[in-house]
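>
Number of protein chains: 2
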Amino acid sequence: MERIVDPIRSGDLHQAIQDRIKRVIIDHGYQPGDALPAETELARILGISRGSLREAMKSLQTLGVVETRHGFGTFVGQFSFEPMINGLTFQILVSRETMPRAIRELLDLRQVLETALMPRVTEAATAPQLEQLELLVARMEASAARGRQFVDEDREFHEVLYRPLGNDLIIQLLRAFWDIFSAVGQESSRRTILLGETAGQHRDILNSIVAHQGQAAAAAMSVHFAGALAWVPLLEHDQSETMASGSRRR
Amino acid sequence: MERIVDPIRSGDLHQAIQDRIKRVIIDHGYQPGDALPAETELARILGISRGSLREAMKSLQTLGVVETRHGFGTFVGQFSFEPMINGLTFQILVSRETMPRAIRELLDLRQVLETALMPRVTEAATAPQLEQLELLVARMEASAARGRQFVDEDREFHEVLYRPLGNDLIIQLLRAFWDIFSAVGQESSRRTILLGETAGQHRDILNSIVAHQGQAAAAAMSVHFAGALAWVPLLEHDQSETMASGSRRR
DNA sequence: ATTGATTTGTCCGTATGTATC
DNA sequence: AGATACATACGGACAAATCAA
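Protein sequence lines, in the order shown, are assigned to chains A and B.
Sequential numbering of the first sequence, starting at 79, is according to our numbering.
Sequential numbering of the second sequence, starting at 79, is according to our numbering.
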């Protein structure tokens, strides 16, 4: 028999319910992936209606604290930047006024971070990783020769780069930034990108890593982002319609 | 007379509702502070019940997309990292198994980013900023001499550093990381911190900036984080109880 | 493969507290 | 102070999805 918690009577019930749910998770020692009590029982335990409980659950769900599966149950969530991606993407899209500025800041941050990581990447590089990067760059060059985009290869290149660093947080964060950039830039004019030049920049980065020259790799990465940053001002006079939804579940 | 949107019949209604609300905000050009239609009318427009609408609203409210004022109305809100900080902090705290790893990766990321920013900081430094930093370091040294913590000064030091860069995203992100680190470390043993050494590291950073030596400032910042990273392993054998709620509204 | 039990998803109706005018 | 509009919360009911026997 579960203990029934004192009813909540103060003002901010919604936040209080969220805290109590979190308290239940911690006190019971639930780990990510573990199932929570059913909604009806949890509502009974907390002494609130099921509707109020569900509203609090939806908030926790958007934060990634819990995950719900229709007809199955509610579970403790895994760490993820996904809620941040959706929120940040929307923030950028809401005000077209400040959108170019936000994109510029985003690219600026990526430039600082990825450039700074290149010496480490050069040190930690592995043989299979370099083969994979070589394949991706070759595909980029082939696409560029045919005048086609290579967004997926670009994304994968930057992700494969940082895998051997042993820092999942960095990988997740950079992936989140990429998703934001992708979602915002999706509806914008992409034809202004110089395909051959972009492919060549990735080639330069890879060559420097293979040659085990961290400083040169950092310089090449910096050049790569400088090119992207130069493209941003073209956004300012763009009237394209944009998606209301952020990036979807993967 | 508002147009009634086609009812949603597919699977993930919850996410679809959020997207439609966001779509309404973007399409109507609502800006932060503007009032949204009342719940009953919005539910009618979207062709859903008030209960489902409220659940979606609570999610958007959590992300800061909308703000509700009891008895008055619902308004477009200012986006903030804060709710996500609470969510991410909770998720780090919840799994004690992987917590030290998450903290280590977080500090590692901060070390890379903040070290890489130091040359820029040195370039962009302003006179009033340096005065502020000088005051903060002096307060740190005074506290250290008396054996007291200086968490607030530490936080403010790192925040003031990056203000002249003109990149709000970097400031918001670093503040979010600091909050997570602070919330996690709050319940842990803090007595192992070497106060005088930490204060001295901040002094070294400031001196290098004043001397306009970006490389030296970067080195000093790197040393600062190396000290913090060395402290992480002590977390692994810590059995302290943790709070269910993250940091509160400021 | 069908049935049955469990759980989340959605809806309706109603009552209450709250802020604005 | 009264009236009105609004968000908040509750309870019950049915639908849809999932899993296990």
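We treat Cβ as the ideally placed atom computed from N, Cα and C, and that holds for glycine.
#1: Could you give the distance in angstroms between the alpha-carbon of Q227 of chain A and the alpha-carbon of I271 of chain A?
#2: Using a threshold of 8 Å, state whether the C-beta atoms of E209 of chain B and G292 of chain B are closer than that.
#3: Between the C-alpha atoms of M196 of chain B and R188 of chain A, what's the straight-line distance to the nearest angstrom?
#4: Is V143 of chain B close to chain A, meaning its C-beta is less than 8 Å from at least one C-beta of that chain?
#5: When the distance is taken between beta carbons, is T193 of chain B closer than 8 Å to M299 of chain B?
#6: Can you tell me whether R132 of chain A is buried or exposed? The criterion is at least 16 other CB atoms within 10 Å of its CB, across all chains shown.
#7: Mind listing which residues of the segment 98-113 of chain A have their C-beta closer than 7 Å to chain B's C-betas, in chain order?
#8: Flag I248 of chain A as yes if its beta-carbon sits less than 8 Å from any beta-carbon of chain B, otherwise no.
#9: For chain B, find out if any of its Cβ atoms is closer than 8 Å to the Cβ of D230 of chain A; answer yes or no.
#10: Who are the neighbours of R132 of chain B on chain A, taking C-beta pairs under 7 Å?
#11: Give every residue of the same chain whose Cβ lies closer than 8 Å to the Cβ of V238 of chain A, excluding the five residues on either side of it in the sequence, and list them in chain order.
#12: Is the CB of V199 of chain A under 8 Å away from at least one CB in chain B?
#13: Straight-line CA distance for V83 of chain B to A121 of chain B?
#14: Looking at chain B, is there any beta carbon in it that lies within less than 8 Å of the beta carbon of V288 of chain A?
#15: Are the beta-carbon atoms belonging to I123 of chain B and P115 of chain B less than 8 Å from one another?
#16: Any beta carbon of chain A sitting closer than 8 Å to that of I170 of chain B?
#17: Using a Cβ-Cβ cut-off of less than 8 Å, give me the residues of the segment 183-197 of chain B that come near chain A, in sequence order.
#18: Going by other Cβ atoms of all chains shown within 10 Å of its Cβ, with 16 needed for buried, is P161 of chain A buried or exposed?
#19: Taking Cβ positions only, does F303 of chain B come closer than 8 Å to chain A?
#20: Going straight from the alpha carbon of L138 of chain B to that of I170 of chain A, what length do you get?
#21: So V144 of chain A is in the alpha helix (DSSP H); what residue range does that whole segment cover?
#22: Considering only residues of the same chain and omitting the five flanking positions on each side of T152 of chain B, which have a CB-CB separation below 6 Å?
#23: Where are the alpha helix (DSSP H) runs, 4 residues long or more, that stay fully inside the segment 159-188 of chain B, in chain order?
#24: Should M218 of chain B be flagged as near chain A, meaning a C-beta pair shorter than 8 Å?
#25: Measuring only between beta-carbons, confirm whether H236 of chain B sits less than 8 Å from chain A.
#26: When you compare each of A:H106, A:E234 and A:A254 to L184 of chain A by their alpha carbons, which one comes out closest?
#27: Please decide whether M162 of chain B counts as near chain A, where near means a Cβ-Cβ distance under 8 Å.
#28: Using 8 Å as the threshold, is the C-beta distance between K342 of chain B and F168 of chain A below it?
#29: Can you confirm whether N285 of chain B, when its beta carbon is compared against all beta carbons of chain A, has any partner nearer than 8 Å?
#30: Is it buried or exposed for Q96 of chain B, if we count other Cβ within 10 angstroms and need 16 for buried?
#31: Going by DSSP in three states, F150 of chain A sits in which element: helix, strand or coil?
#32: Taking 8 Å as the threshold (C-beta atoms), are F159 of chain A and L251 of chain A in contact?
#33: Using only the alpha-carbon positions, how far apart do D246 of chain B and D186 of chain A sit?
Here's the rundown:
#1: Residue numbering aside, residue 227 of chain A sits at position 149 when the first sequence is read from its first letter. Residue numbering aside, residue 271 of chain A sits at position 193 when the first sequence is read from its first letter. Distance between the alpha carbons of Q227 of chain A and I271 of chain A: 9 Å.
#2: To locate residue 209 of chain B, count along the second sequence from 1; it is residue 131. To locate residue 292 of chain B, count along the second sequence from 1; it is residue 214. Result no, Cβ atoms of E209 of chain B and G292 of chain B do not sit closer than 8 Å.
#3: Walking along the second sequence from the start, residue 196 of chain B turns up at place 118. Walking along the first sequence from the start, residue 188 of chain A turns up at place 110. If I take the Cα positions, the gap works out to 16 Å.
#4: Here residue 143 of chain B refers to the residue found at position 65 when the second sequence is read from its first residue. Output row for V143 of chain B: interface = yes.
#5: Along the second sequence, read from residue 1 onward, the residue named residue 299 of chain B stands at position 221. Along the second sequence, read from residue 1 onward, the residue named residue 193 of chain B stands at position 115. Yes, these two residues count as a Cβ contact at 8 Å.
#6: For the purposes of this step, residue 132 of chain A is identified with residue 54 of the first sequence, where counting begins at 1. So R132 of chain A counts as buried.
#7: K100, R101, I103, I104, Q109 and P110
#8: Taking the first residue of the first sequence as 1, we reach residue 248 of chain A at position 170. A Cβ of chain B is located within less than 8 Å of the beta carbon of I248 of chain A.
#9: In the first sequence, counting from the first residue as 1, residue 230 of chain A sits at position 152. No, no contact with chain B.
#10: On the second sequence, position 54 is the one that residue 132 of chain B refers to. Think of a sphere of 7 Å around the beta carbon of R132 of chain B: the chain A residues whose beta carbon falls inside it are E133, in chain order.
#11: Stepping through the first sequence from its first residue, residue 238 of chain A is reached at position 160. Once the five neighbours on either side are set aside, the close Cβ partners of V238 of chain A are Q207, Q210, L211 and L214.
#12: For the purposes of this step, residue 199 of chain A is taken as the residue at position 121 of the first sequence. Chain B, which has no Cβ nearer than 8 Å to the Cβ of V199 of chain A, makes this no.
#13: As a first step, residue 83 of chain B is located in the second sequence; it is residue number 5 there, counting from the start. As a first step, residue 121 of chain B is located in the second sequence; it is residue number 43 there, counting from the start. Because the pLDDT at V83 of chain B is just 45, under 50, the model does not fix this residue reliably, and the point stays unresolved.
#14: Here the question's residue 288 of chain A lines up with position 210 in the first sequence. Chain B, which has no Cβ nearer than 8 Å to the Cβ of V288 of chain A, makes this no.
#15: Looking up residue 123 of chain B in the second sequence gives position 45. Looking up residue 115 of chain B in the second sequence gives position 37. Cβ distance < 8 Å, so I123 of chain B and P115 of chain B count as in contact.
#16: Numbered from 1 along the second sequence, position 92 holds the residue referred to as residue 170 of chain B. Yes, because at least one Cβ of chain A sits closer than 8 Å to the Cβ of I170 of chain B.
#17: Correct list: E183, L184, D186, L187, V190, L191, T193, A194 and L195.
#18: Start at 1 with the first residue of the first sequence, and residue 161 of chain A comes out as number 83. Per the 10 Å Cβ criterion, buried.
#19: Translated into the one-based positions of the second sequence, residue 303 of chain B becomes position 225. No, its Cβ sits nowhere closer than 8 Å to a Cβ of chain A.
#20: To locate residue 138 of chain B, count along the second sequence from 1; it is residue 60. To locate residue 170 of chain A, count along the first sequence from 1; it is residue 92. C-alpha separation (whole angstroms): 15 Å.
#21: Counting from one through the first sequence, the residue named residue 144 of chain A turns up at place 66. Taken as a continuous stretch (DSSP letters only), V144 of chain A belongs to no alpha helix (DSSP H), being part of the beta strand (DSSP E) at V144 to R147.
#22: Here residue 152 of chain B refers to the residue found at position 74 when the second sequence is read from its first residue. Correct list, in chain order: L114, V144 and T146.
#23: Assignment of alpha helix (DSSP H) within the segment 159-188 of chain B, counting only whole runs of 4 or more residues, yields 160-172 in chain order.
#24: As a working note, residue 218 of chain B is residue 140 in the second sequence. For M218 of chain B, no CB of chain A lies under 8 Å from its own CB, so it is not counted at the interface with that chain.
#25: By 1-based counting over the second sequence, the position of residue 236 of chain B is 158. So, not an interface residue.
#26: Working through the first sequence from its first residue, we reach residue 184 of chain A at position 106. Checked all of A:H106, A:E234 and A:A254; the closest Cα to L184 of chain A is A:A254.
#27: Your numbering for residue 162 of chain B matches position 84 in the second sequence. Yes, M162 of chain B counts as interfacial toward chain A.
#28: Here chain B comprises residues numbered 79 to 328, so residue 342 of chain B is not present and cannot be evaluated.
#29: For this step, residue 285 of chain B is matched to residue 207 along the second sequence. So, not an interface residue.
#30: Numbered from 1 along the second sequence, position 18 holds the residue referred to as residue 96 of chain B. Its Cβ being crowded by 16 or more others within 10 Å, Q96 of chain B is buried.
#31: In the first sequence, residue 150 of chain A corresponds to position 72, counting from 1. Coil, per DSSP.
#32: Translated into positions along the first sequence, residue 251 of chain A becomes position 173. Translated into positions along the first sequence, residue 159 of chain A becomes position 81. Cβ distance < 8 Å, so L251 of chain A and F159 of chain A count as in contact.
#33: Within the second sequence, numbered from 1, the residue matching residue 246 of chain B stands at position 168. Within the first sequence, numbered from 1, the residue matching residue 186 of chain A stands at position 108. Approximately 11 Å, taken between the alpha carbons.
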